[in-house]
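Participant: First residue of the sequence shown? That's 39 in our numbering, and the numbers climb one at a time after it.
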Amino acid sequence: MWELQDDARIEETLISLKEAGFNKIRFCIFPKHYDYNLKEPRSYPYEGTPMDSGVLTKENFWEYTGKTEGNHWDFTRFNPAHFQHMEKCIAALGKLGIEADLIVMHPYDRWGFSSMTKEQDDLYWNYVTARFSAFHNVWWSLANEYDLMKKKTLEDWERYAKILCEKDPYRHLRSIHNCGPFYDYARPWVTHCSIQRQELYRAAELTDEWRERYRKPVVLDEISYEGNIQYGWGNITGEEMVRRFWEAACRGGYPQHGETYLSPDEVLWWSHGGQLHGESWKRVRFLRAILEETPGCGLAPRCREWDEVCCVPQTEAGNALCSYYLFYYSFMRPSFRDFYFDEDTPFEVEVIDTWNMTMEKRGTFLGHFRVELPGRQYMAVRIRKNENFVK
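Right, dumping it as structure tokens:
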């Protein structure tokens, strides 16, 4: 909910995003009611007044979830100031080269926005599509955790998608995000998978399986967050976040960062923006720099040895001989690895420490060769054809 904070927090968020080098952020159009996010937003999408939330506390917030009593909204009259402010924020992101992944609906609600009628929903979807489609950096996320919105049916979600497809002339990217069961990402209107991991431990490790199942880009919009709150989705280490990023990227996916560190003012990046306090974002920026040097239009997993994660450029994924390989060894700690591709191609080797953010050139090799490794976790090896090598 970064865009519904005060002006100083919004500016602080934009500075943090620029420094971190992120190129997409997911955020809601409707305000959100959830733990660590209990204050009223700066504005509302409709004319009217909210319920009195003066008795709302951390202990009783679940009692108010989904309640509509006490709200007085005119669902036929949008609040232009709310949407004008959002447009200003989307434009600010665009200037930084950041995609605005707009969450159009979500279940975490105490204002009645998640339980509007069919007619009210359709008016909202048409209005939002008309207002935001013109921005070059918009993505559409039909919902965050759609399956928790019990008053909406599959027919409703397909109807919303139909509105987007018909009314967005620029065909921005479209998806829908799960809590438990995945939506059917094979549906023709879905441009990419927007995935929250379904298991406590495995997340990024399933990326190549999802690629095969849906044959669409896999965006891992929630693989847990670096932090220390009480919830299992919000207290992994920075090391584990970075590991999941490398696992996902080297399996051909697109992982998303998140941070949930407790603070005295209860301003968490995940819900408010502001400043990043963790360590993983720096390593994510390091990974992005490596990916930007990679040829092709992305990475695709390549099966070589059973005990390694290997990827090649997407354009070379089907070729028998590739000119670029990226290997990731995750929590394993090999002291060396042996490689062989062919007898004649000269390959330049670099050893990458993904946590310490170092890259060490090891020379150019032909035929069978061995790469010595430090026996630490989170190491990677990049092997590229050396066009300038002379025998």
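Heads up, the beta-carbon is just placed ideally off N, CA and C, and yes, glycines get one too. This one's a predicted model, so the numbers in the text were calculated from it and none came from an experiment.
Can you tell me whether residue 238 is buried or exposed? The criterion is at least 16 other CB atoms within 10 Å of its CB, across all chains shown.
Facilitator: Residue 238 sits at position 200 when you count from the first residue of the sequence shown. Here residue 238 is exposed. Its C-beta has fewer than 16 other C-beta atoms within 10 Å.
Participant: Could you have a look at residue 96 and say whether DSSP puts it in helix, strand or coil?
Facilitator: Within the sequence shown, residue 96 is the residue found at index 58, counting from 1. Residue 96: coil per DSSP, three-state reduction.
Participant: What does a CB cutoff of less than 7 Å around residue 208 pick up in its chain, not counting 5 residues either side in sequence?
Facilitator: As a first step, residue 208 is located in the sequence shown; it is residue number 170 there, counting from the start. Closer than 7 Å at the Cβ level, and outside the excluded window around residue 208, lie 171.
Participant: Could you tell me whether the region 101-109 touches the region 131-151, where touching means 3 or more Cβ pairs closer than 8 Å?
Facilitator: As far as the Cβ criterion goes, the region 101-109 touches the region 131-151, which means the pair count is three or higher.
Participant: Can you give me the Cβ contacts of residue 387 inside the same chain, cut-off strictly under 7 Å, excluding the 5 residues immediately before and after it?
Facilitator: In the sequence shown, the residue the question calls residue 387 occupies position 349. 400, 401, 403, 409, 419 and 421.
Participant: Look at the alpha carbon of residue 190 and the alpha carbon of residue 296, and state the distance between them as a whole number of angstroms.
Facilitator: Working through the sequence shown from its first residue, we reach residue 190 at position 152. Working through the sequence shown from its first residue, we reach residue 296 at position 258. Distance between the alpha carbons of residue 190 and residue 296 is about 27 Å.
Participant: Taking the Cβ atom as the reference point for each residue, do residue 113 and residue 72 lie within a distance shorter than 9 Å?
Facilitator: Looking up residue 113 in the sequence shown gives position 75. Looking up residue 72 in the sequence shown gives position 34. Between residue 113 and residue 72, the gap from beta carbon to beta carbon reaches 9 Å or more.
Participant: Are the region 75-83 and the region 314-321 touching, with three or more C-beta to C-beta distances below 8 Å?
Facilitator: no
Participant: Tell me the residue span of the beta strand (DSSP E) that contains residue 232.
Facilitator: The count along the sequence shown starts at 1 and reaches residue 232 at position 194. First-last of the beta strand (DSSP E) with residue 232: 231-234.
Participant: Write down every uninterrupted run of the alpha helix (DSSP H) in the region 120-172 whose length is 4 residues or greater and which is fully enclosed by it, in chain order.
Facilitator: Along the length of the region 120-172, whole alpha helix (DSSP H) runs at least 4 residues long occupy 156-170, reported in chain order.
Participant: Compute the beta-carbon to beta-carbon distance between residue 289 and residue 242, rounded to the nearest angstrom, for a pair I have assumed lies under 8 Å.
Facilitator: Translated into positions along the sequence shown, residue 289 becomes position 251. Translated into positions along the sequence shown, residue 242 becomes position 204. Yes, residue 289 and residue 242 are in contact; Cβ-Cβ is about 7 Å, under 8 Å.
Participant: Should residue 298 and residue 84 be called a contact, given that it needs their Cβ atoms to be closer than 9 Å?
Facilitator: Numbered from its first residue, the sequence shown carries residue 298 at position 260. Numbered from its first residue, the sequence shown carries residue 84 at position 46. No, these two residues do not count as a Cβ contact at 9 Å.
Participant: Excluding the five sequence neighbours on either side, which residues of its own chain have a C-beta within less than 7 Å of the C-beta of residue 407, listed in chain order?
Facilitator: For this step, residue 407 is matched to residue 369 along the sequence shown. Cβ within range, chain order: 377.
Participant: Could you tell me whether the region 249-257 touches the region 43-60, using the rule of 3 or more Cβ pairs below 8 Å?
Facilitator: no
Participant: Quick check: the Cα distance between residue 240 and residue 368, rounded to an integer number of angstroms?
Facilitator: Translated into positions along the sequence shown, residue 240 becomes position 202. Translated into positions along the sequence shown, residue 368 becomes position 330. Between residue 240 and residue 368, the C-alpha separation is close to 13 Å.
Participant: Please determine, among 60, 328, 205 and 287, the residue with the shortest C-alpha to C-alpha distance to residue 245.
Facilitator: The residue given as residue 245 occupies position 207 in the sequence shown. Among 60, 328, 205 and 287, the Cα nearest to that of residue 245 belongs to 287.
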